[in-house]
Structures are given as C-alpha cells and as structure tokens.
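This report refers to the structure that appears directly beneath it.
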Amino acid sequence: MTKENIIIASLRLFLMKGYAAVSLMDVAKEVGITKGGIYHYFSSKEELLNVAIYFFLDRFEEKYMSLLTKNESIQAILECLLVKQEQETYVAALLGTEEKFNIDYAHSGIEIVRKIPGVLARMEQINAAVCELFTKKIEQAIQAGQVKDCGDSYASAASILSMIQGYKSLGEQFQTEAMRKRLADTIWQSIKK
C-alpha cells in the first residue's frame with residue numbers, strides 16, 4: 047500500500063504546488079516515510095511523476111467509462127460531468143482531499159506532456175475511447191427519439207466532450223455551479239429532440 051500512498055501523495059502535491067515546486071522530501075513528509083522509502087519504489091522524481099500520471103490517467107479513464115456505461119440519459123451524464131462535477135469529486139476522493147481539483151486540462155497538461163514520453167498518446171487514446179463510448183450513447187438516444195440526428199454522432203460526441211473539457215480554460219467566472227448548470231442546459235437544449 048505504501049507505493050500507492052506515495053503515488054497519491056505525489057499527485058496531490060504536484061496538483062496543488064506544481065511539479066517543479068515539489069521535492070521528493072516533500073512527498074516523503076506527506077506520506078510519513080523517509081526519502082529513502084521513496085527510493086525503494088522509485089529511482090527519481092521523474093519516474094515518480096511518470097508512474098503517478100499514468101496511475102491518474104488510468105483511474106480517470108475508468109471513471110469516465112463507468113459513467114458512460116451506466117444506463118443514464120445524455121442529460122443525466124451532462125448533469126454528472128458539468129453540474130455535479132463527478133470527475134473532479136472523484137479526483138478529490140482519490141487524492142484524499144476535500145478540495146475539488148477543477149483541472150484545466152488544456153493548460154495543466156503542457157508541463158507534464160513535455161516531461162513524460164507517451165503521455166500525450168495515452169491522453170489521446172483515452173479521449174478516443176471516451177468519444178467512442180459517448181458516440182454509442184448518442185446513437186442510442188437518437189434511436190430512442192431523445193436527441194436529434196445530426197448526421198455524425200462521432201462529431202457530436204467530440205463536440206460535447208470538448209465543451210465539457212474546454213469550459214475550464216475560460217476562467218473562474220465559468221466555474222460556478224450556476225454557470226455549469228447553464229452550460230449543461232444549453233448543450234442539452236441544442237441536441238434534444
């Protein structure tokens with residue numbers, strides 16, 4: 047369990063302080079072990095970052111897939127992702143903090159993508175898998191008469207997912223629950239039948 051504790055503590059610190067500002071000693075203190083205890087599992091801060099990011103991406107993908115495979119309507123999925131911020135709540139629970147990490151994926155990933163080979167490809171793989179699953183949800187909703195048939199379900203899914211991820215880069219005024227509810231309602235109104 048200590049290895050996972052180290053991974054989770056490092057993720058928490060990297061998200062709160064930034065990668066450059068966190069030392070292995072900081073991670074060791076956070077976990078309650080010595081710096082040598084970290085070296086038992088990881089040869090360097092870079093290796094820890096690499097393992098931590100892939101750990102995070104795997105859990106994030108699992109959560110997305112779990113949500114999209116539930117028997118939920120698209121409107122309910124929009125509510126979960128935008129209004130309730132289930133992904134952010136999950137990240138907070140995973141990292142053991144009460145603070146929701148409202149991650150601006152477009153900006154926070156730049157430093158990580160530069161440091162870890164293959165992470166961009168992994169992120170693209172996750173996005174493609176999520177988009178495929180969301181496309182199936184849209185096609186099911188079209189067949190059920192719940193949403194309009196725009197002719198290209200995959201493009202519709204990609205558009206909706208980009209809105210869900212992209213609003214976070216617009217600034218704090220777009221982060222309120224009222225605004226997130228307006229965004230979810232607007233997306234729903236644009237696709238519902």
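Numbering of the sequence shown is given in this note's numbering, commencing with residue 47 and proceeding in unit increments.
For every residue, glycine included, the Cβ atom is placed at its ideal position computed from N, Cα and C.
Which residues DSSP lists as bridging residue i, in chain order
i, result
"K238", "V193"
C-alpha distance - residue i paired with residue j, whole-angstrom precision
i, j, result
"L127", "I233", "12 angstroms"
"Y166", "A190", "Note that residue 166 is Leu in the sequence shown, not Tyr. Near 36 angstroms, if we compare the C-alpha coordinates of A190 and L166."
"A60", "G197", "Checking the sequence shown, residue 60 turns out to be Phe, not Ala. Distance between the alpha carbons of F60 and G197 is about 42 angstroms."
"L179", "G82", "43 angstroms"
"Q133", "A122", "14 angstroms"
"S69", "A201", "42 angstroms"
"A152", "Q192", "Bear in mind that the predicted position of A152 carries a pLDDT of just 44, short of 50, making it too unreliable to give a figure here."
"R168", "A204", "17 angstroms"
"F88", "F101", "14 angstroms"
"I162", "L103", "13 angstroms"
"S56", "K239", "46 angstroms"
"Q131", "M209", "14 angstroms"
"A139", "M71", "24 angstroms"
"V77", "Q186", "46 angstroms"
Assumed close pair residue i, residue j - CB separation to whole angstroms, cut-off 8 angstroms
i, j, result
"T48", "I79", "7 angstroms"
"I120", "I184", "7 angstroms"
"I237", "K182", "Contact doesn't hold; Cβ gap of about 15 angstroms is too wide."
"I52", "V73", "6 angstroms"
"R226", "T143", "Contact flag wrong, Cβ pair sits at about 20 angstroms."
Residue i: first and last residue of the uninterrupted alpha helix (DSSP H) it sits in
i, result
"T222", "Counting along the chain, T222 falls outside any alpha helix (DSSP H), and DSSP gives it neither H nor E."
"G83", "81-85"
"I206", "199-212"
"E93", "91-115"
"Y134", "In the sequence under discussion, the amino acid at residue 134 is Glu, which differs from the Tyr named in the question. It spans 132-141 - the alpha helix (DSSP H) in which E134 sits, taken as one unbroken run."
"I162", "That residue, I162, is in no alpha helix (DSSP H); it is neither H nor E in DSSP."
"E50", "48-63"
"L70", "70-77"
"A122", "120-124"
is_contact[residue i, chain D] using C-beta, thresh 7 angstroms
i, result
"R58", "Absence of chain D from the displayed structure is noted, only one protein chain being present."
If contact is defined by three or more beta carbon pairs under 8 angstroms, each pair taking one atom from either stretch, is the region 218-235 in contact with the region 101-116? Touching, no.
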